[in-house]
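In UniProt numbering, the protein residues as written are 1 to 176.
All C-beta atoms, glycine included, are put in the ideal place defined by N, C-alpha and C.
Note that the coordinates shown come from a computational prediction; the quantities given were computed from them, not determined experimentally.
The structure appears below as structure tokens.
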Amino acid sequence: MAVPGDRIVITVRTATLEDAPAIARIHTVSLHHYGGACYEDEQVARLAPTDVGPEEIRENLFGPDRYVAVADVDDDIVGFGGVRRNTGSLLGIFVDPSHGGNGIGTRVLEGVESHARDRGLERLSVFAALNAVAFYEACGFERVGERDANGADGPFGTYDGGDHDLPVMEMRKPLE
């Protein structure tokens, strides 16, 4: 477990199908760990479903219009993030809580931004979980407004809050 402030070597690379189980695990533990500060348990469960199968991961994360990056520390995947190549819509940035506070999310976002910029995208947008707004603001995103995430695109498909609203903050960042 990394302690914030530890000097660690972070390698950001393009995700592969072999990374899918680690990506799914990080998505779930990250939202359950950090999401409780802003969401009820039922909402967190809707944001972080635990029943995502390999086919859904392959279809949703590795489709032709998506790019996903992972962060490795000591050959362990500790974070990931992705973007829709055709729209610049971020799929989110997620970090294993046991490695939080070490710049991993920022490094993943930088890798995703570089990929988007290289493909000619002029801006990124994200429907940020409320607990992640400060992170995105620190990375140069600006608030557009709060909205309901029901029906919004996420890393494993479309969010479905059922009878519960899933408030998120729509945010944007120009790529220069």
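Please work out which residues of its chain come closer than 8 Å, Cβ to Cβ, to residue i, disregarding the five sequence neighbours upstream and downstream, and give them in chain order.
i	result
A15	I23, L61, F62, V68, A69, V70, F80, G82
V29	D96, P97
R143	V133, E137, M169, E170, M171
I26	I77, V78, G79, F80, F94, V95, D96
Excluding five sequence neighbours on each side, which residues of the same chain lie with their C-beta closer than 6 Å to the C-beta of residue i?
i	result
C38	L130, N131
E110	none
Y34	N131
Roughly how many angstroms separate the alpha carbons of residue i and residue j, rounded to a whole number?
i	j	result
T50	N86	28 Å
V112	L90	9 Å
G36	T106	22 Å
A40	V108	It is Glu, not Ala, that sits at residue 40 in the sequence shown. Rounded to the nearest angstrom, the two C-alpha atoms are 27 Å apart.
V73	E146	34 Å
R84	R66	4 Å
H115	R13	11 Å
Give a yes or no on whether the C-beta atoms belonging to residue i and residue j are separated by under 8 Å.
i	j	result
L175	R117	yes
I104	D19	no
A149	V133	no
G88	L121	yes
Would you please state the rounded distance, in angstroms, between the beta carbons of residue i and residue j? I believe it to be under 8 Å.
i	j	result
S125	R58	About 24 Å separates the two Cβ atoms, so there is no contact after all.
E170	F127	6 Å
Which residues mark the beginning and the end of the beta strand (DSSP E) in which residue i is found?
i	result
V144	142-148
P97	Unbroken run through P97: none, as it is neither H nor E.
D72	66-73
E170	167-174
G82	76-84
Only counting the same chain, and skipping five residues up and downstream in sequence, which positions put a Cβ closer than 7 Å to that of residue i?
i	result
G140	K173
R123	G88, R172, K173, P174, L175
R119	R85
Hey, does residue i have any beta-carbon neighbour from chain D nearer than 8 Å?
i	result
L47	The displayed structure is made up of one protein chain only, and chain D is not part of it.
Span of the alpha helix (DSSP H) holding residue i?
i	result
S30	20-35
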